[in-house]
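**Student:**
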Amino acid sequence: MTPVEAVDAGAILEIRDLRLHFPIKAGLLKKTVAYVKAVDGVSFSVYPGETVGLVGESGSGKTTIGRCIVRLYKPTTGYIGFRTSEGVSDIANLDKRELQPIRRDIQMLFQDPNSSLNARMRVGDIIAEPLEIHAIGTADERRSRVEDLLEHVGLGAEMYNRYPHQLSGGQRQRVGVARALSIEPRLVICDEPVSALDVSVQAQVLNLLADLQEELGLTYVFIAHDLSVVEYISDRVMVMYLGKLMETAPTRKIFERPAHPYTEALLNSIPKRVRGGHRKRFVLTGDIPSPVNPPSGCVFHTRCQYAKDICKTESPPLMPLPDDPDTSVACHLVDELSLSPYYTSEERAGMETNRA
Amino acid sequence: MNRLTGGFGLFGARKKNVELGVQDEYQLLTVRQLMIRKFLRNRMALLSFIALVIIYLVTLFAGFFAPYTARDADSKLTYSPPMTIRLQDPETGHFHPPFFYPLRGKRNMETFQLEYVEEREKRIPVQFFVKGEPYKALGIIAWDVHLFGSSDPAERLHIMGSDVRGRDLFSRIIYGGQVSLSVGIFGVLITIAVGSVIGTLSGYYGGVFDNVVQRVIETIRSFPQLPLWMALAAAIPPQWPPEWVYAGIVVVLAFINWTGLSREVRGLVLSLKERDYVHAAEASGASTARIVRKHLIPNMASHIIVTATLAVPVTILGESALSFLGIGVRPPMVSWGLLLNDAIKIQNIVLYPWTLFPGAFILVAVIAYNFLGDGLRDMVDPFSR
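So the protein sequences, as listed, match chains A and B.
Here the first sequence is numbered in my numbering, starting from 1 and rising by one per residue.
Here the second sequence is numbered in my numbering, starting from 1 and rising by one per residue.
In C-alpha cells:
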C-alpha cells in the first residue's frame, strides 16, 4: 500500500475528480469511436459512521461510482482515498494484489438478490465465501461465524443448508447482507438494496441495515433512486445527474430547501396529496441525455425549466452555499431561484410530532 | 414458514420435514431432486436412457453377448439369410425348447446364386451359456462362455444372417458397436475438454485471444461438415495401424464439434460473468480460478452436459458416414458404418437385405441419444413447466 496525502483528514473515503469513461468500440478493427462518460469529475467525502445517499435517475452514474469504490471498475482518472489503520491508500490506482487487504474493509450489497446469490451454492457457503477468499478462520470457525451472522440478520442458523431458490426475496436480501458483513467491513456500498423488494419487506431490510450500522459502526454509501428510502436512511444526500454531482446537502435540507432545479424536479416526482387533492407540479419529461455526448454547459440545461443562456455555455462548479457550507450546489442561478420544497419546516415539525 | 415454499410447487407430499422442525406434510426439494423428478416424468427420455445403458453394456461385454467373434468365418455359409429361432415344429405342431434348422446352400444353375434352404430333418437346439469360441471379456479376462449359441459347433446360427465371408452379422454388429459408440463418447470428451476450456477463456478474457478464436471457429464452420471430415480423414496415413486410425478418426470428428460447444460456453460465460454473484466474489477479491471453479463451472455444467449429449449422435453418424464411404476405421476393426458398407451396392440390398441391419442399430442409438438430450435439456431447467 502506498500512503497518499489525504486532504480531508476526517473522511473514511475521499473521492476527488473521479472520472470513468467507457470506450465505445466499433468496426472490424474495434477502433474506439467515442466514450460513455459514466462518471465525469465527481468529488465528495464520506465520514465514518454516516450514511450518504446517492440519488439520481437511471443512467446518472451512481452505480458506476459504487462499482469504482469496490474496484469492480478501474476509474479512468481520479483519486479514491480510503483510510485504513495504516494510513490512506488510493484505491483507484492499486493493482489486484495491493487491493486484496483493502477489499476486507469495503463490501457491496447488490440490488437484485435473485442474481446476487449463486443458485448452485448453499446459503451457508454463499455467506462464507468472503471468509474463504481471505482465508479467515478454520472451516469450523467459519461455520459458527456464518450461523451467528444468519441469526444476526434475522434468518436463523437452520437456513445454513438451504438453497437461494428456497427463500423469499426479503430472506435472500438478508443473505446478501450477511455475506457483505461476514468479513467485518467498515464501508458498505449499498447499490439499491431494497428497490427489488416489496414495500413491506423494504422497511424490514432498511431497519436491519440501520440496526447493523449502529451496532457495528458501519459507514454506508447508499445508492437509490427512491427519495423516500433515502430520506429514511441517509444523513446526507448527493444528487447526481449525467455523471456529475448537482447538489450535496444534509437529508433534511434536501427536502426542506432544495437548491438545485434538478433536486426540485426529483422531489416533485414523488406523488403527494395536498389538501385532499393531487398535487400538480412541474415534472421532468423525456429521458436523461446520452452520456456519450452530454449537453454543453450545465448538463441539466436541456431539461431545466429555469435555464438561461449562461447555462448552455458554461459548466457550473459545485460550490458551497455562502450562508450554508454544508450544502453544495452546481448551478449558475442558485442565488436567483426560490425552489419549492417537498415540505416546509412546519410540515416537517408537524410530521415529527405525529410520529412521536 | 409456509411462505418459504408458497407458489413454487417445490414440495412433495411425503415426509415430515425434520430440518424445518415443522409438522406440515411437505418437504423442500433440492434442485437436484427436482431435476431427477423432471427427468423421470419424461417417458421417452427415460426409455432412451435405459435403451442406451443396455446397448452400451452389451457392446462392452461383446464377447459374452455375441455368439461368435467378429472374425470367425464359415466359407460354407456366405451371405446366409437370418435364421429363425423356433419353438414349434412347423410340420408336426409340437413345441420344443428353442431350436433352429441349419441352412444348406445350393447353387442355382440358372442365376449362379447360392440359395439356402432349411434342412428340416436336423433340429439343432439353441443353448444358453454355451461354451464356444474363446474371447477376452473387457479385453483381459479369458473366457469362452456365450449368452446363447448353437449347441453343435459344426452347425452355425446366424440370427441376422452372415456376410460375404460367412461371418455372423449379429456378432459383428455387437463388436462394431464397440467402435461406433465409443467414437461418440471419446469424440465428445475431446469436444468438451477443448470446447469448454477455449470457450471459457475467450468469454472471460475477451480481447485479442477471443477475436482470434472466434475467427478460427468461423473459418472451420464455414466449410460443409462432411467434405471437411472426408478431407481430414483422407489425411490419416494409410500405413497407420487400425488403432491409430481409430484415434485419428476421433480427433477428426471432434475437430468440428468443439467449435459449436466453445461458442455456447463463451456465450454462457459472457452472461454469467456479469451476474451480481460474480461481481460480489470479485469485490471480495476472489481469484479468477476461484470464480471459474465456484461460479462459472457449476452454472454451466448442465448446459455442457446437454450439448455434449446431443453431440454424441452427430459424432456417431459422422463415424458411420466416413466408415461407410471407406475412409473411416479400417478392417480388421469393425464399426456399424463399415458393416453398412456391404450394402453400398443396390444389388446387395436386393439380394441380401439383412446387410442393412447395422443401419437399424445406428438409427436406434442416434434417436435414443436425441431423446435423452431433449430430456436432459428439460431437466436442466427444473422450474419450467
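All C-beta atoms in this analysis are idealised placements derived from N, C-alpha and C, irrespective of residue type, glycine included.
1. Do Ala-26(A) and Val-33(A) have their C-beta atoms within less than 7 Å of each other?
2. At a cut of 8 Å, does the segment 309 to 318 of chain B reach the segment 126 to 137 of chain A through at least three beta carbon pairs?
3. Quick one: any contact between the segment 114 to 121 of chain A and the segment 146 to 159 of chain A, if contact means 3 or more CB pairs under 8 Å?
4. Pull out every residue of the segment 116 to 130 of chain A whose Cβ sits closer than 9 Å to any Cβ of chain B, in chain order.
5. Give me the chain B residues within the contact set of Arg-172(A), using Cβ-Cβ distance strictly less than 9 Å, ordered along the chain.
6. Using a Cβ-Cβ distance cut-off of 7 Å, determine whether Glu-282(B) contacts chain A.
7. Check the DSSP bridge columns for Gln-127(B) and list the partner residues they point to.
8. Below 6 Å CB to CB, which residues in the same chain sit around Glu-360(A) once its five sequence neighbours on both sides are set aside?
9. Quick one: what's Ile-106(A) bridged to in DSSP?
10. May I have the straight-line CA-CA distance separating Met-240(A) from Gly-61(A), to the nearest angstrom?
11. Would you call Ile-256(B) buried or exposed, if buried means 16 or more other Cβ atoms sit within 10 Å of its Cβ?
12. At a CB-CB cut-off below 8 Å, which residues of chain A make contact with Ala-388(B)?
13. Short check: CB of Ala-9(A) to CB of Ser-45(A), under 7 Å?
14. Gly-53(A) by DSSP, collapsed to three states: which one?
15. What does a CB cutoff of less than 7 Å around Gly-49(A) pick up in its chain, not counting 5 residues either side in sequence?
16. The alpha helix (DSSP H) spanning Tyr-56(B) covers which residue range?
17. Going by alpha carbons, who is nearest to Pro-426(B) out of Ile-140(B), Gly-149(B), Gly-203(B)?
18. Per the contact definition of three or more C-beta pairs closer than 8 Å, is the segment 90 to 101 of chain A in contact with the segment 291 to 304 of chain A?
19. Can you look up Thr-219(A) in the DSSP assignment and give me helix, strand or coil?
20. Work out the CA separation of His-134(A) and Ser-182(A) for me, nearest whole Å.
21. Using a Cβ-Cβ distance under 7 Å, would Leu-202(A) count as near chain B?
22. Using a C-beta to C-beta distance shorter than 9 Å, which residues of chain B count as neighbours of Leu-99(A)?
23. Measure the alpha-carbon distance for Val-230(A) versus Arg-32(B) and round it to whole angstroms.
24. Quick check on this structure: which residue in Arg-266(B), Ser-320(B), Arg-330(B) has the alpha carbon closest to the alpha carbon of Phe-361(B)?
25. What is the rounded straight-line gap between the Cα of Phe-186(B) and the Cα of Gly-177(B)?
26. Looking at chain A, is there any beta carbon in it that lies within less than 7 Å of the beta carbon of His-279(B)?
27. Is Gly-195(B) buried or exposed, if buried means 16 or more other CB atoms sit within 10 Å of its CB?
28. Please check if any C-beta of chain B sits within less than 7 Å of the C-beta of Val-329(A).
29. Listed in chain order, which residues of the segment 288 to 316 of chain B have Cβ atoms closer than 9 Å to some Cβ of chain A?
30. Beta-carbon separation of Ile-189(A) and Val-237(A) under 7 Å?
31. Could you check whether the Cβ of Arg-275(B) sits closer than 7 Å to any Cβ belonging to chain A?
32. Using the Cα positions of Ser-195(A) and Asn-268(A), report the straight-line distance between them to the nearest angstrom.
33. Flag this pair as touching only if the segment 166 to 179 of chain A and the segment 200 to 218 of chain A have three or more C-beta atom pairs under 8 Å; answer yes or no.
34. Assign Pro-291(A) to buried or exposed, taking buried as 16 or more other Cβ atoms, counted over all protein chains shown, within 10 Å of its Cβ.
35. For Asn-207(A), tell me which candidate among Phe-255(A), His-152(A), His-260(A) has the shortest Cα-Cα distance.
36. Taking 7 Å as the CB-CB cut-off, is Met-159(A) touching chain B?
**Tutor:** So, to answer that:
1. yes
2. no
3. no
4. Ser-116, Leu-117, Asn-118, Ala-119, Arg-120, Met-121, Asp-125, Ile-126, Glu-129, Pro-130
5. Result: empty, since nearest Cβ-Cβ is about 11 Å, beyond 9 Å.
6. yes
7. Gly-149(B)
8. Residue 360(A) lies beyond the residue range present for chain A, which begins at 1 and ends at 356; the question has no answer from this structure.
9. Leu-187(A)
10. 7 Å
11. buried
12. Since the displayed chain B opens at 1 and closes at 385, residue 388(B) lies outside it and no answer follows.
13. no
14. strand
15. Gly-217, Thr-219
16. 43 to 60
17. The question about residue 426(B) has no answer here: the residues shown for chain B are numbered 1 through 385.
18. no
19. strand
20. 11 Å
21. The identity of residue 202(A) in the sequence shown is Gln, whereas the question assumes Leu. Cβ-Cβ to chain B under 7 Å: no for Gln-202(A).
22. Gly-285
23. 41 Å
24. Ser-320(B)
25. 14 Å
26. yes
27. buried
28. no
29. Arg-290, Lys-294, His-295, Pro-298, Asn-299, Ala-301
30. no
31. yes
32. 20 Å
33. yes
34. buried
35. His-152(A)
36. no
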